[in-house]
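Residue numbers (the working numbering): 80 to 285.
Each residue gets a CB set at the ideal place from its N, CA and C atoms; glycine is no exception.
Note that the coordinates shown come from a computational prediction; the quantities given were computed from them, not determined experimentally.
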């Protein structure tokens with residue numbers, strides 16, 4: 080028998096633990112309900128505010144995704160509003176990543192990027208100092224935060240944010256909530272997600 084053929088005592092305990100999987104299923108169902116509720120709240124908000132969206136945008140389009148392997152951890156998210164084409168990306172993603180954090184992120188790329196950047200700085204006072212970060216990764220698909228990965232959007236960092244965005248063909252602005260945040264414990268995730276969307280709305284509104 081090779082070492083890879085056997086399980087450690089801890090692994091055997093987890094393998095035999097039926098309760099863990101029942102709890103995981105219950106939690107996953109609650110997460111789906113949270114994401115559905117948030118999507119509905121964002122949809123109601125969009126009905127009140129015309130969006131500056133790329134050509135081909137469908138205001139009813141949305142996508143719910145559930146997976147197991149975001150860096151080996153389960154995750155669930157909803158993209159709404161949502162448009163993904165070869166030329167443009169335009170979405171607000173609400174992601175709950177087991178073992179990490181909750182993320183509310185605006186992801187934009189394409190022909191309207193210069194207008195979005197102008198909106199950001201023309202309306203900077205309404206967006207800065209609201210717990211948002213500019214994601215620094217060269218990929219839209221990086222979901223970690225911290226030094227070198229995210230830059231807080233504050234009034235004092237306006238010039239740094241501008242320099243970072245200069246010549247970029249895409250950007251992502253996000254709010255990260257650790258799992259020990261009071262928002263998670265008090266059951267106000269949907270409220271905070273909507274608040275985040277309302278905060279970034281000036282960037283993508285007409």
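Distance from the CA of residue 135 to the CA of residue 234, rounded to the nearest whole angstrom, comes to 34 Å.
The beta carbon of residue 153 is closer than 6 Å to those of 147, 177 in its chain, skipping five residues each way along the sequence.
The region 159-167 makes no contact with the region 251-264; the number of CB pairs closer than 8 Å stays below 3. Residue 264 carries a helical assignment under DSSP once its states are collapsed to helix, strand and coil.
Under the three-state reduction of DSSP, residue 86 is assigned to coil, being neither helix nor strand. The beta carbon of residue 215 sits closer than 8 Å to those of 227, 228, 229, 230, 243, all from its chain and outside the five residues before and after it, given in chain order. Counting the other CB atoms within 10 Å of its CB gives residue 182 a total of 16 or more, which places it among the buried residues. Going by beta carbons, residue 155 and residue 125 fall outside the 8 Å limit. In the three-state reduction of the DSSP assignment, residue 216 falls in the coil class. Residue 281 sits in a helix when the DSSP states are folded into three classes.
DSSP lists no bridge partner for residue 271. Checking the DSSP bridge columns, you'll see residue 193 has no partner listed. In the same chain as residue 140, and ignoring 5 residues on each side of it, the C-beta atoms closer than 8 Å to its own belong to 159, 160, 161, 162, in chain order.
The C-beta distance from residue 284 to residue 131 rounds to 6 Å, short enough to fall under 8 Å.
For residue 268 against residue 113, the beta-carbon gap comes to about 5 Å, under 8 Å, which counts as contact.
If the five residues before and after residue 236 are omitted, its C-beta is found closer than 7 Å to the C-beta atoms of 230, all from its own chain and listed in chain order.
179 is the residue among 239, 204, 179, 116 whose C-alpha sits nearest the C-alpha of residue 259. 252 is the residue among 92, 196, 252, 87 whose C-alpha sits nearest the C-alpha of residue 173.
In this structure, residue 187 lies near residue 250, with their beta-carbon atoms less than 8 Å apart.
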